[in-house]
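End of the sequence shown = 597 in my numbering, gap-free, step of one.
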Amino acid sequence: MTTKYKLLHNCTSSAQGKLKAKAVGLLMKQNHKERREETEPLGEDMIQPADEAQLCPTTGSLAQALRCAERAGNGSASQEYEKIGRLMLGIVSQALLEDSPCGETVLSASRAILWGQEHRGLCQQGQPGDWNPRNWLARFCISVEQAVAHKFPRLPPQRVGSSLEELGLGEYLGKVRGTVQGELRRLSPGLEAQLLGHVVESFHRFLFSQLDQVLKRTLTADETLLLLHWVACGYLSKEFMGHPDIWGYSSKAIDLLVVTDWLQRAEKKLLTAVKEVVSERLGRILQNEEVYWNPCAPGDEEDFIKLHVDVIQVLQGPILQASKISQVLRLRVQEVCYQELLDFVENYVESEKKRLKVQEKSGSHDGMFPFRTFSTSRELSDYVQTISGDLSADSVIAVQSLRSIEVQALELLLREPVSKVKASLKKYFKKGDNHFVDVMGEVRMHFTCLPKTQQEAHRIVIDTAYHHIASLYLKHLLLSNRGKLEWRWTDVGRTVTADAEYLHSFFSQQNHNVTQRTQTLLKVEEVLKTSDVNALKITITELQLESQKQLRDLLCWKGGLSRSQLREVMEVRQGCHPNFDSSENKPRPWYRCCW
């Protein structure tokens, strides 16, 4: 407490005590009397000026006493101004510094301070800084600023290398809210609304000066988000400055430009912090991937999804936190995260291409790594498109680069099983043995080790293998000698149907959501048994073939058709499927046909 406050607090002499009691009593009547006194004659013929200065303070209103003292011309007015001003400001200043509730005495003193502003006639000769009533409000504002600085919670110290969060930023903000709201609610019964407005304004300015100091410190993205949420969502809420007990005067005294300016500075700091932390964390993820590059063990599904899950968590964290504050802020944070994601994708694609080439050259038959690359690339592609917003041009480039390693990884993953099946089918249609079934058992082992955590990625892999192996079966069937097959199998059509059913059952066991890929094989038996050209036309329109060449090969392999009949059947097919490939161009690559 300053010397001024101590003097006011210890003012216990009998003369001062009488003056205090008298002034408070007179102030209770002043609002009613002062208007009358401004219009009534002062009775100059009945009372002499020297007598008025002594009479009015004890029997009249405060306003009349001061007016009479002014007319005395002996300096009494200045003395009375100072005595009463010190007394009133002492009462209010003590109330500002204490924690006890405010009562009628403080309310009367606050009215006296405002009285000095209303009665300008008494203040025309006053000078700035003296005790003229016109200056009482300015002195009150100084007392408020001193009290606010005295009661406001101190910022926690920040050690080198530590964060505010470790030192209790949330706790500090809670103390600030409790102190400011508590003081305003405590003072509201004892201060007039205008004076309360000055208190609100002082707390408001001091609070944001402290928050400016916080912004100058080293803050993490989480700490900056905490500050932004506290100001943007909490400061004007019913739990703080919007409380029903204080909102009536705080709404008029709060300078919203101070709030918006601070929010802009905080947003700028947040975006910088988000960029730094996201870049650092994504870089660490990529670095760990390079240092600990080992195929994940079968059944280790957590490790299988770790990379893309970690990436998405790093990016979604600040985006979700920003969305709790403002959708505009969310979009700005999302844009920063998106740019960092593009950089990550570029580095990731380059790194994965090198690893896939290393595995390809090594001749490794392990499918876990390429499957993990395939699945991760798909998840990142989906997330790039989700987070891109209006930045579609950049997202297309990123997605295309991810698709390229998807294709590369899938081709490497299926190379071994497809090669085994291809070699087996050549022997199968030449010798008719059961080697094909044995090879499919090996294929089963290849796919069994693949985790099903990412169901869509797993489905695409199995479906692609299913599509390609079914196509290989049809291709080698049409390259075989039908006559020899009939001699070996007796009923070629029935054998092909049985194999088609086996293939569908085999791949459905690997994944229940695969597409039926053996429709054409199931129709081979019907094609072989149909001798009527018109009936054959109907059957052919239902076949799912890749090209006109494949249709011609099937009809020629069937046999029994003249050139004109062959041409007639193919024309019907072309008419029913106008977009059917009539050229002998290569069909779409097998590893891209299933997604």
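All C-beta atoms, glycine included, are put in the ideal place defined by N, C-alpha and C.
Every value quoted in this text rests on a predicted model; they were computed, and no experiment measured them.
Query - Cβ contact check for the region 285-293 and the region 235-255: 3 or more pairs under 8 Å - result: Counting Cβ pairs under 8 Å, fewer than three are found: no touch.
Query raised in the report: Is the CB-CB distance between Ala223 and Leu272 below 9 Å?
Result: A Cβ-Cβ contact shorter than 9 Å links Ala223 with Leu272.
Requested in this report: Drop a sphere of 10 angstroms on the beta-carbon of Thr360, count the other beta-carbons inside from all chains shown, and report buried for 16 or more, exposed for fewer.
Outcome: Going by the sequence as given, residue 360 is Val instead of Thr. Val360 is exposed by the Cβ-count criterion.
Query raised in the report: Which residues in the same chain as Val338 place their Cβ atom closer than 6 Å to its Cβ, once the five residues preceding and following it in sequence are excluded?
Result: Around Val338: Leu273, Val276 and Lys277.
Query raised in the report: Is the beta carbon of Leu563 sitting closer than 9 Å to the one on Thr522?
Result: The answer is no: Cβ separation not under 9 Å.
Query raised in the report: Going by other Cβ atoms of all chains shown within 10 Å of its Cβ, with 16 needed for buried, is Ser379 buried or exposed?
Result: The residue is buried, with at least 16 neighbouring Cβ atoms inside 10 Å.
Query raised in the report: Which residue from Trp491, Leu479, Tyr430 and Phe376 puts its Cα closest to that of His460?
Result: Of the listed residues, the one whose Cα sits closest to His460 is Phe376.
**Report entry** Nearest-angstrom Cα separation, counted from Val571 out to Leu538
**Finding:** Approximately 8 Å, taken between the alpha carbons.
**Report entry** Cβ-based burial, Leu175 [other Cβ within 10 Å; buried from 16]
**Finding:** A buried status is given to Leu175, since no fewer than 16 other beta-carbon atoms sit within 10 Å of its beta-carbon.
Query raised in the report: Where do the ends of the alpha helix (DSSP H) carrying Ala114 lie?
Result: That run of the alpha helix (DSSP H) goes Glu106 to Glu120.
Report task. Can you tell me which of Arg490, Leu198, Leu189 and Gln183 puts its alpha carbon nearest to the alpha carbon of Cys143? Result -> The shortest C-alpha to C-alpha distance from Cys143 to any of Arg490, Leu198, Leu189 and Gln183 is the one to Leu198.
**Report entry** Residues near Asp321 by beta carbon distance below 7 Å, same chain, minus five either side
**Finding:** In the sequence as displayed, the identity of residue 321 is Ile instead of Asp. Here the set comprises Arg332, Val335, Gln336 and Cys339.
Query - Beta-carbon proximity list for Arg188, same chain, < 7 Å, skipping 5 on both sides - result: Around Arg188: Pro103 and Cys104.
Requested in this report: Using a threshold of 9 Å, state whether the C-beta atoms of Leu317 and Tyr237 are closer than that.
Outcome: No, these two residues do not count as a Cβ contact at 9 Å.
Query - Assumed close pair Leu382, Leu404 - CB separation to whole angstroms, cut-off 8 Å - result: Taking C-beta atoms under 8 Å as the contact rule, Leu382 and Leu404 qualify, at a distance of about 6 Å.
Query raised in the report: If we ignore side chains and look at the alpha-carbon of each, how far apart do Ala25 and Arg113 end up?
Result: Summary for Ala25: the model assigns pLDDT 47, below 50, so the residue's position carries little reliability, and this model does not support an answer.
Query raised in the report: With a cut-off of 8 Å, do at least 3 Cβ pairs link the region 456-471 to the region 542-562?
Result: Per the Cβ contact rule, the region 456-471 is not in contact with the region 542-562 (fewer than 3 Cβ pairs under 8 Å).
Requested in this report: Count the other CB atoms, across all protein chains shown, that sit within 10 Å of the CB of Gln329; report buried if there are 16 or more and exposed otherwise.
Outcome: Per the 10 Å Cβ criterion, exposed.
Report task. Measure the Cβ-Cβ separation of Ala234 and Leu265 and say whether it is below 9 Å. Result -> Yes, they are a contact pair.
Query raised in the report: By the 10 Å Cβ neighbour count, where 16 or more other Cβ atoms means buried, how is Glu203 classified, buried or exposed?
Result: Burial of Glu203 is indicated by the presence of at least 16 other C-beta atoms within 10 angstroms of its C-beta.
**Report entry** Cβ-Cβ separation, Val216 to Leu229 (assumed contact under 8 Å), whole Å
**Finding:** Indeed they touch by this definition, with Cβ atoms about 7 Å apart.
Query raised in the report: If you run the structure through DSSP and keep just helix, strand and coil, what is Cys596?
Result: Since pLDDT at Cys596 reaches only 49, below the 50 mark, its modelled position is unreliable, and the value read off the structure follows with that caveat. When DSSP states are grouped into helix, strand and coil, Cys596 belongs to the coil group.
Requested in this report: Tell me, please, whether the region 523-531 touches the region 489-506 by the rule of three or more beta-carbon pairs shorter than 8 Å.
Outcome: With a cut-off of 8 Å, the region 489-506 and the region 523-531 count as touching, because enough Cβ pairs lie within range.
**Report entry** DSSP state of Lys477 mapped onto helix, strand, coil
**Finding:** Note: Lys477 maps to helix in three-state DSSP.
Report task. May I have the straight-line CA-CA distance separating Arg2 from Val535, to the nearest angstrom? Result -> Any property of residue 2 remains undetermined from this structure, which presents the chain solely from 3 to 597.
**Report entry** Nearest-angstrom Cα separation, counted from Ser394 out to Ala151
**Finding:** Distance between the alpha carbons of Ala151 and Ser394: 52 Å.
Query raised in the report: Touch check for the region 344-359 and the region 439-447: three-plus C-beta pairs under 8 Å?
Result: Pairwise C-beta distances place the region 344-359 out of contact with the region 439-447, as fewer than three of them are shorter than 8 Å.
Query raised in the report: Looking at Leu139 and Ala111, is the spacing between their C-beta atoms short of 9 Å?
Result: Not in contact: Ala111 and Leu139 (Cβ atoms no closer than 9 Å).
Query raised in the report: Near Gly180, which residues of its chain fall below 7 Å by C-beta distance, leaving aside the five closest residues on each side in sequence?
Result: Answer for Gly180: no residue qualifies.
Requested in this report: Round the Cβ separation of Ile256 and His200 to the nearest angstrom and send it over; I've been treating them as touching at under 8 Å.
Outcome: About 12 Å; that fails the 8 Å criterion.
Requested in this report: Compute the Euclidean distance between the alpha carbons of Ser507 and Asn349, then round it to the nearest angstrom.
Outcome: In this model, Ser507 and Asn349 are separated by some 41 Å (Cα to Cα).
Query raised in the report: Does DSSP put Leu209 in a helix, a strand or coil?
Result: In the structure shown, Leu209 sits in a helix (DSSP, three-state: H, G or I).
Requested in this report: Assign Leu412 to one of two classes, buried (16 or more other C-beta atoms within 10 Å of its C-beta) or exposed (fewer than that).
Outcome: So Leu412 counts as buried.
Requested in this report: Just the C-alpha distance for Val398 and Thr499, rounded to the nearest angstrom, thanks.
Outcome: CA-CA distance, Val398 to Thr499, rounds to 43 Å.
Query raised in the report: On the premise that Val108 lies in contact with Gly192, defined as a C-beta separation below 8 Å, what is that separation, rounded to the nearest angstrom?
Result: Indeed they touch by this definition, with Cβ atoms about 3 Å apart.
Query raised in the report: Mind checking Cys58: buried by the 16 CB within 10 Å criterion, or exposed?
Result: Because Cys58 sits at a pLDDT of 34, beneath the cut-off of 50, its placement in the model cannot be relied upon, and the following sentence gives the value as read from the coordinates. Buried, because 16 or more other Cβ atoms sit within 10 Å of the Cβ of Cys58.
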